[in-house]
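Novice: When we follow my numbering, the leftmost residue of the sequence shown carries the number 151, and every step to the right adds one.
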Amino acid sequence: MNLKTIDSLKKELVEKRDSLRLIQSQTRKSDIENESELKDVVDRSDAEEAWFTKERMNQHWKLELIRIDNALNRMESGTFGICEDCEEEIPLKRLRVRPDATLCLNCQETNEREASQLLKANQSITLFH
Ligand SMILES: [Zn+2]
């Protein structure tokens, strides 16, 4: 992958990271503002549901941020876009969806197949106990 492509991807990632951080800080601010409101909510399940949704979103953003940071780190170290298993280039299309991908699709699929086989083997062992 040429440097120009990596550079433009990097710019996209940095922008995304900044906007994610902004969203997070805004959510935190609205948390404080909404706290007194929440206490007045009669229907607790509504409040709980809202809280769960927010928590899920928070987790999602956190994960996104970690992924972006990982991708940026890999760009710094020059390993970005290279499969860790077969050392082939990971297609740009895949990197746009998963910038922190460390494996090409082939290796990823092999890994997942092995993992699920391992899981199945583990499960059948547990069944015997
Ligand atoms: Zn590979």
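Note that beta-carbon positions come from the ideal geometry of N, C-alpha and C, so glycine has one too.
On the DSSP bridge assignment, give the partners of E264 in chain order.
Specialist: Looking up residue 264 in the sequence shown gives position 114. BP columns for E264 are empty, so no partner.
Novice: In angstroms with no decimal places, state the Cα-to-Cα distance between F202 and R217.
Specialist: Looking up residue 202 in the sequence shown gives position 52. Looking up residue 217 in the sequence shown gives position 67. One C-alpha to the other measures close to 22 Å.
Novice: Counting along the chain, where does the alpha helix (DSSP H) carrying N152 start and finish?
Specialist: Within the sequence shown, residue 152 is the residue found at index 2, counting from 1. Note, N152: premise wrong, no alpha helix (DSSP H); not H, not E.
Novice: What do you reckon, is the C-beta of N152 under 7 Å from a heavy atom of ligand 1?
Specialist: As a working note, residue 152 is residue 2 in the sequence shown. False, no ligand heavy atom lies under 7 Å from that Cβ.
Novice: Evaluate contact between the stretch 227 to 247 and the stretch 193 to 209, counting only Cβ atoms and requiring at least three cross-stretch pairs below 8 Å.
Specialist: The count of Cβ pairs closer than 8 Å, one atom from the stretch 227 to 247 and one from the stretch 193 to 209, stays below three, leaving the stretches out of contact.
Novice: Quick check on E259: does DSSP put it in helix, strand or coil?
Specialist: On the sequence shown, residue 259 is found 109 positions in, with the first residue counted as 1. Helix.
Novice: Quick check on the contact list: which residues have their beta carbon closer than 7 Å to a heavy atom of ligand 1?
Specialist: C233, D235, C236, E238, L253, C254, N256, C257
Novice: State the start and end residues of the unbroken alpha helix (DSSP H) segment that holds L253.
Specialist: Residue 253 sits at position 103 when you count from the first residue of the sequence shown. First-last for L253: undefined, no H or E at that position.
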